[in-house]
Amino acid sequence: MERTAILEWFDVSSVREDFPILTRTVNGKPLVYLDNGATTQKPRQVIDAIVNYYTQLNSNVHRGVHHLSQLATDAFEVTRRKLQPFLNAAHEHELIFTRGTTESINLVASCYGKAFVNTGDELIISAMEHHSNIVPWQILCEERGAILHVVPINDAGELDMDAYRSLLNERTKMVAITYVSNALGTVNPVKEIIALAHAVGAPVLLDAAQAVQHLPIDVQALDVDFLAFSGHKMYGPTGIGVLYGKEKWLNAIPPYQSGGEMIKEVTFAKTTYNELPFKFEAGTPNIEAGICLAHAIDYLTELGLDNIASYEHGLLEYATHELLEIPGLRIVGTAKEKSSVISFLLDGAHPYDVGVILDKLGIAVRTGHHCTQPLMDRFNIPGTVRASIALYNTREEMDTLVAAVRRAASMLV
């Protein structure tokens with residue numbers, strides 16, 4: 001279906017009715033929420049599920065024989081069952097519940113690092129990574145005596161694929177790359193990245209925190225080894241995340257944390273570990289968030305991620321065109337393949353000041369370095385103003401944003 005047809009078909013008015021917070025005002029103005037890269041708002045279906053959990057089935061999961069425990073356990077595991085087709089994972093037990101993308105990446109860095117990374121080995125990340133996909137690998141390299149390489153980017157915010165190819169060799173033990181840049185919106189050529197890494201025997205971790213809510217993902221088609229994302233950025237609750245890992249890798253690496261649930265048998269002489277996925281799920285999980293994430297998955301599935309991607313891309317193109325009509329405005333991140341994010345600067349104005357003015361006009365954006373300080377250094381800037389788009393945003397809201405930025409420019413420049 002053509003993008004224009006999608007824009008006409010996608011009933012954003014009906015979608016917005018599912019999100020109660022979008023009816024409120026901020027500073028006397030209708031809320032225009034464009035901070036979706038930080039967290040998305042929640043549909044009524046998710047909110048109702050949270051209330052239902054605490055009023056109807058609050059109990060600890062797994063091992064309980066009483067009725068409420070069985071209800072909670074069944075509901076919790078429904079989410080895992082829904083995640084399998086959502087990502088097209090080969091097995092349910094390849095899906096590990098975590099607190100979010102950050103914990104998922106730390107789990108892989110810690111556990112995979114202990115098992116497979118030694119002195120002189122090499123790891124590869126990119127110049128556009130979020131701090132959560134930089135610092136865990138730095139710590140690992142310091143602990144193991146390994147070397148961290150960084151794939152550079154061009155002025156458009158695209159990976160230098162020739163440089164990436166030159167970094168790969170038989171010493172490469174891991175490639176950890178963002179699927180979609182949180183600060184630039186760049187959609188990386190992840191299938192090619194994965195194939196090139198596999199050619200030298202290296203596994204790949206994808207940070208999909210900014211991808212899973214915008215693009216359909218098929219982990220088997222990508223042949224990715226690990227993939228991490230957060231529930232709260234895909235219209236679900238905070239405090240729940242997912243790590244997908246190929247069965248062979250999850251069986252080959254040690255547990256991340258120890259305690260209840262992750263054990264099979266404990267004696268003072270020896271402990272044996274539980275089977276997947278429970279080997280990596282020590283302690284009581286965030287039960288409410290785990291259960292309610294299923295409703296966010298249902299919501300995205302019913303709308304269709306292909307439809308969402310086309311609708312959002314139409315908004316992205318429209319807002320980009322209109323913002324570039326403002327004198328002195330520069331967009332940071334102009335990759336050919338982009339999703340959901342417009343980062344920009346006004347000549348002579350600090351991003352923080354622009355963000356404050358937009359807030360006074362009811363518009364929520366994010367300002368600063370977006371947890372990508374090395375990326376900001378690459379562009380020699382302190383930060384940007386970031387407007388990040390979601391499925392409930394409208395063309396009219398893009399017009400409101402453009403008018404507000406024009407007003408900010410008239411006040412600051």
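Following full-length UniProt numbering, the numbering of the sequence shown begins with 1 at its first residue and continues without gaps.
Even for Gly, the Cβ is constructed at its ideal location relative to N, Cα and C.
Please read these numbers as outputs of a predicted model, since none were measured by experiment.
Outcome for residue i when other beta-carbon atoms lying within 10 angstroms are tallied against a minimum of 16
i, result
"M411", "exposed"
"H91", "exposed"
"G347", "For clarity, residue 347 is Asp in the given sequence; the question names Gly instead. Exposed, by the Cβ-count rule."
"R3", "Unreliable placement is indicated for R3, whose pLDDT of 43 sits below 50; the coordinate value is still reported in the next sentence. R3 should be labelled exposed."
"R366", "buried"
"A75", "buried"
"G157", "buried"
"H321", "exposed"
"F10", "buried"
"N133", "buried"
Proximity below 9 Å, CB of residue i to CB of residue j
i, j, result
"H214", "V190", "no"
"G355", "V32", "no"
"Y392", "L22", "yes"
"V108", "A228", "yes"
"Q56", "G64", "no"
"I153", "A127", "yes"
"V12", "Y299", "no"
"I297", "F19", "no"
"V405", "P351", "no"
"I105", "L250", "no"
"V117", "R99", "no"
"V150", "P374", "yes"
Nearest-angstrom beta carbon gap, residue j and residue i [assumed within contact, 8 Å]
i, j, result
"Y235", "T40", "5 Å"
"G231", "P237", "6 Å"
"residue 445", "V224", "Any answer about residue 445 is impossible in this case: the structure gives the chain only from 1 up to 413."
"D218", "N60", "At roughly 34 Å, the Cβ-Cβ gap does not stay under 8 Å, so D218 and N60 are not in contact."
"G120", "E170", "That pair is no contact at about 11 Å."
"T186", "A335", "4 Å"
"F97", "E281", "6 Å"
"G283", "E302", "Their Cβ separation, rounded to whole angstroms, is 33 Å, which puts G283 and E302 out of contact at 8 Å."
Contact with chain B by residue i, beta-carbon distance below 9 Å
i, result
"I147", "No chain B is part of this structure, which consists of one protein chain only."
Beta-carbon proximity list for residue i, same chain, < 6 Å, skipping 5 on both sides
i, result
"C111", "I253, P254, Y256"
"A209", "T101, F229, S230, K233"
"T79", "G290, L293, A294"
Own chain, CB closer than 8 Å to residue i, minus 5 neighbours either side, in chain order
i, result
"E247", "A90, H91, H93, E94, L276"
"W137", "A109, L123, I125, L148, M174, A176"
"A319", "I342, A387, I389, M398, L401, V402"
"L222", "V190, K191, I194, L206"
Cβ-based neighbour list, residue i, same chain, cut-off 7 Å, excluding 5 preceding and 5 following
i, result
"P216", "L305, D306"
"V15", "L391, Y392"
"L358", "V365, A404, A408"
Original post:
Along the chain, which unbroken stretches of the beta strand (DSSP E) at least 3 residues long are found entirely within the stretch 195-260?
Top reply: Here the runs fully enclosed are 204-207, 226-230, 241-245.
**OP:** Ignoring anything shorter than 4 residues or poking outside the stretch 362-410, list the alpha helix (DSSP H) runs there in chain order.
**Re:** Runs of the alpha helix (DSSP H) inside the stretch 362-410: 373-379.
Original post:
Hey, which unbroken runs of the alpha helix (DSSP H) at 4 residues or more fall wholly within the stretch 6-43?
Top reply: Within the stretch 6-43, the complete alpha helix (DSSP H) segments of 4 residues or longer fall at 12-16, listed in chain order.
Original post:
Which ranges would you report for the beta strand (DSSP E) in the stretch 44-109 if only whole runs of at least 3 residues count?
Top reply: If one requires a minimum length of 3 residues, the beta strand (DSSP E) runs lying completely within the stretch 44-109 are 95-98, in chain order.
Subject >> alpha helix (DSSP H) segments (min. 4 residues) lying fully within the stretch 129-162 >> reply: Fully enclosed alpha helix (DSSP H) runs of no fewer than 4 residues occupy 135-144 of the stretch 129-162, in order along the chain.
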